[in-house]
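Enquirer: Protein chains in written order, with my numbering: chain A, 34 to 364; chain B, 36 to 329. Got a structure here, written out as structure tokens. Questions coming.
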Amino acid sequence: MNSKNLSALGYGLLFVGLLAAPLLGAYPVFVMKLMCFALFAAAFNLLLGYTGMLSFGHAAFLGGSAYVAGQSMKVWGFTPEVGLLLGTLSGALLGLVVGFFAIRRAGIYSTMITLALAQMLFFICLQMPFTGGEDGLQGVPRGKLFGLVDLQNDLVMYYVVLVVVVAAFLLIVRTVHSPYGQVLKAIKENEPRAISLGYDTNRFKLLAFVLSAALSGLAGSLKTLVLGFATLSDVHWTASGHVVLMTLVGGLGTLSGPLVGSAVVVLLENKLGEIGHFLATLTSVEWFNTLGESVTMVTGLIFVVCVLAFRRGIMGEIIAWLVRRKADIKG
Amino acid sequence: MEIFGVSLPGLLSQLLLGLVNGSFYAILSLGLAVIFGLLNVINFAHGALFMMGAVITWMAMNYFGINYWLMLVLAPLVVGVFGVVIERLLLRWIYKLDHLYGLLLTLGLTLLIEGVFRSVYGVSGLGYDTPELLEGATNLGFMMMPNYRAWVVVASITVCIGTWYVIEKTKLGAYLRAGTENPRLVEAFGVNVPLMITLTYAFGAALAAFAGVLAAPVYQVSPLMGQNLIIVVFAVVVIGGMGSIMGSILTGLGLGIVEGFTKVFYPEASSTVVFVIMVIVLLIRPAGLFGKEK
């Protein structure tokens, strides 16, 4: 079986699995949250993995849009699809502003600029009255999609989320394989060369920024719609770090990487307590029982290990292994 | 006497507080610049090292009764040795890679270090008393100046100027600057560059810890105290540019003062003013105030 068929099979299985998940007894809200993070990571990867720009401010797009979507559905009484649209648009707008400043400097400076601007938004959200400060924006109603479909039912909500996330993911796939995506790759590999070929690289980079931010905004709005609240933790810089970790664990610059990475990271964080108890009974080291409270520590450890020994990530390693195997068979 | 409806002593005391914050910005951005120059790594862990300096000082006082003055020397030493370990064990492997891995590795380290301290001390602040010698305030006639704050500013500026002198005016500094320009050539002249790199990181870590000790009586000592500071320092570095040592020092102090002023006249903006300045600088002088981009 060649690798193209293999990946088609993989995506097919994943899709069927997601279709069947709530019927097989998976908790729909948890899987929906997972899908939101998967979309967030895939959007982030569009920028880092395919354009080579490390944004450390993606929390601004996730959290900022979450507030806008929440406010529009709760206070202004818009229907969910308008809320999602407004959230996505505000993500795009924030991306335009942050991207405009970020591409004024190269490399590591650009990353620090995104981080600083996102932190600025964090402080603004902390002080604005409508965000509810430390309490967050609570009690956002799910409402009726197009005024018709009642989203109160978790199962209905689930399939709406699935459709939106799959559509957004297909858009990312299409973008990566489009001529525009090829230019982005060229910029990542060798920007001076892309410039010498006549491409206005800043415009391409800015557009990538806006697209990535808009999709992150969609993920944030979707998350608000599902959970019914938007909080400061989504705008905090740790959320930006989180999405970097998901992408890194899954595999930078691979389409499937962010999906796998986000699932691994979210599952690990949710199950860390149980893993700790298991390790404690296995090794009878009492300390493992407290592992559930040490999420930051474990996250940090994964970061260090990934950077030092596992830079290709899970999917990157698998793809590299497939390529090697193919070469062996031919050779 | 009043200026724009604010009493002069009130204004001056906020200004001094701003200068205290500025001193920390200066020391930390100086360390970041020195490390980046030679290692090409943006040390996200700088905030965590700063926090370690403060927490170790608190620990030494509470568990062993070691006083502030001794810790002013000991804490930087301990954290400096920790820096040697980090550099030899971890950073060493990623110099040849893209910048982003350095940032991600040190980010991981930050989470790891903060996580360890959090699991012991939680997130609430631990109080640390001002050393007896510097308690109280001096009446300058036009304002009451808290002695400890004055000491922080004087000590920080002394350390910053000292660092500037060593790097710009001594032979050791000349090696360092040459290493920043072209490490392979310097190595060809028989200078042990890997050792120099290790010591540079250790020195940067020690500087951060020194700032941490100074901060212990001013801020609440807590495992998270370095987090927000490091992001502001990043903005400071973007504003000043990392090309010039004196530039880092002046930018740090200047932004502290601006922040102090903002606290007086428009307190709502005091947490965002540094970022706003960063935006303005990026619009007018994209390379930073003292910038020469590498």
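Where a beta carbon is used, it is the ideal one built from N, C-alpha and C, also for glycine.
Cβ of Leu51/A within 9 Å of Cβ of Leu203/A?
Expert: no
Enquirer: Excluding the 5 residues preceding and the 5 following Ile272/B in the sequence, name in chain order all residues of the same chain whose CB lies nearer than 6 Å to its CB.
Expert: Per the sequence shown, residue 272/B should be read as Val rather than Ile. Same-chain partners within the cutoff: Ser64 and Leu67.
Enquirer: Under 9 Å between C-beta atoms, does Glu326/A make it to chain B?
Expert: Yes, contact with chain B.
Enquirer: Exposed or buried, which one is Thr287/A when buried takes at least 16 other CB atoms within 10 Å?
Expert: buried
Enquirer: For Pro181/B, report the span of its beta strand (DSSP E) as first-last.
Expert: Met179 to Pro181
Enquirer: So, for His275/A: in the same chain, excluding its five sequence neighbours on each side, which residues have a beta-carbon less than 6 Å away from its beta-carbon?
Expert: none
Enquirer: Against Val151/B, what residues of chain A qualify as contacts under a CB-to-CB distance less than 7 Å, listed in chain order?
Expert: Met330
Enquirer: Taking 7 Å as the limit between beta carbons, can you name the residues of its chain near Leu324/B, skipping five residues before and five after?
Expert: Ile274, Gly275, Gly276, Gly282, Thr286 and Val316
Enquirer: Assign Glu222/A to buried or exposed, taking buried as 16 or more other Cβ atoms, counted over all protein chains shown, within 10 Å of its Cβ.
Expert: exposed
Enquirer: Under 8 Å Cβ to Cβ from Cys339/A, same chain only, skipping five residues before and after it: list those, please.
Expert: Leu278, Leu281, Val282 and Gly346
Enquirer: Quick one: using the 10 Å Cβ neighbour count with 16 as the cut-off for buried, is Gln49/B buried or exposed?
Expert: buried
Enquirer: Any beta carbon of chain A sitting closer than 9 Å to that of His134/B?
Expert: Closer than 9 Å: yes.
Enquirer: Would you verify that the beta carbon of Ile308/A is, or is not, closer than 9 Å to some beta carbon of chain B?
Expert: no
Enquirer: What's the call for Asn38/A, buried or exposed, on a 16-neighbour Cβ count within 10 Å?
Expert: exposed
Enquirer: Enumerated in chain order, which unbroken segments of the alpha helix (DSSP H) with a length of 4 residues or greater are wholly contained in the stretch 81 to 159 of chain B?
Expert: 81 to 94, 103 to 124 and 134 to 156
Enquirer: Which partner residues does Thr173/B have in the DSSP bridge list?
Expert: Met180/B
Enquirer: For the putative contact between Ala135/A and Ser143/A, defined by C-beta atoms under 8 Å, what is the C-beta separation to the nearest angstrom?
Expert: Ala135/A to Ser143/A, Cβ: 5 Å. Contact.
Enquirer: Give me the chain A residues within the contact set of Ala240/B, using Cβ-Cβ distance strictly less than 8 Å, ordered along the chain.
Expert: What Ala240/B touches in chain A: nothing, since even the nearest Cβ is about 17 Å away.
Enquirer: Across which residues does DSSP place Lys177/A in a beta bridge pair?
Expert: Residue pairing from DSSP places Lys177/A in a beta bridge opposite Asp183/A.
Enquirer: Using a beta-carbon distance cut-off of less than 7 Å, what residues from the stretch 278 to 312 of chain B approach chain A?
Expert: Within the stretch 278 to 312 of chain B, the qualifying residues are Glu303, Ser306, Thr307 and Phe310.
Enquirer: Write down the C-beta distance between Ile266/B and Leu126/A rounded to the nearest angstrom, noting that I regard them as a contact closer than 8 Å.
Expert: Going by Cβ atoms, the distance from Ile266/B to Leu126/A rounds to 23 Å, so no, they are not a contact pair.
Enquirer: Using only the alpha-carbon positions, how far apart do Asn263/B and Ser273/A sit?
Expert: 14 Å
Enquirer: Shorter than 9 Å from the beta carbon of Ala270/B to some beta carbon of chain A?
Expert: yes
Enquirer: Per the contact definition of three or more C-beta pairs closer than 8 Å, is the stretch 232 to 243 of chain A in contact with the stretch 100 to 111 of chain A?
Expert: no
Enquirer: What is the rounded straight-line gap between the Cα of Tyr163/B and the Cα of Trp93/B?
Expert: 7 Å
Enquirer: At a cut of 8 Å, does the stretch 112 to 124 of chain B reach the stretch 79 to 90 of chain B through at least three beta carbon pairs?
Expert: Taking a cut-off of 8 Å on C-beta distances, the stretch 112 to 124 of chain B touches the stretch 79 to 90 of chain B, as three or more cross pairs fall below it.
Enquirer: Taking just the CA atoms, how far does Tyr136/B sit from Phe343/A?
Expert: Each residue's alpha carbon lies about 12 Å from the other.
Enquirer: For Leu170/A, which residues does DSSP report across the bridge?
Expert: Ala263/A
Enquirer: So Leu125/B and Leu140/B are supposed to be a Cβ contact under 8 Å. How far apart are they, rounded?
Expert: Contact annotation, Leu125/B with Leu140/B: C-beta distance approximately 6 Å; criterion of less than 8 Å satisfied.
Enquirer: Taking Glu222/A as part of the alpha helix (DSSP H), name the residues at either end of that continuous run.
Expert: Unbroken alpha helix (DSSP H) run through Glu222/A: Pro212 to Glu222.
Enquirer: Does the beta-carbon of Asn332/B have 16 or more other beta-carbons within 10 angstroms, so that it is buried, or is it exposed?
Expert: Chain B is shown only over 36 to 329; residue 332/B falls outside these bounds and no answer can be derived.
Enquirer: Do you know offhand how far Lys329/B's Cα is from Trp128/B's?
Expert: Note that Lys329/B has pLDDT 44, beneath the 50 cutoff, so the model's placement of it is unreliable and no number is given.
Enquirer: Please confirm whether Ile146/A has its beta-carbon closer than 9 Å to some beta-carbon of chain B.
Expert: yes
Enquirer: DSSP three-state label for Gly45/B, please.
Expert: helix
Enquirer: For Gly143/B, which option in Leu161/B, Asn78/B, Phe71/B and Ala304/B has the closest C-alpha, if you only look at C-alpha atoms?
Expert: Asn78/B
Enquirer: Under DSSP, the alpha helix (DSSP H) around Ala41/A begins and ends at which residues?
Expert: Ser36 to Ala53
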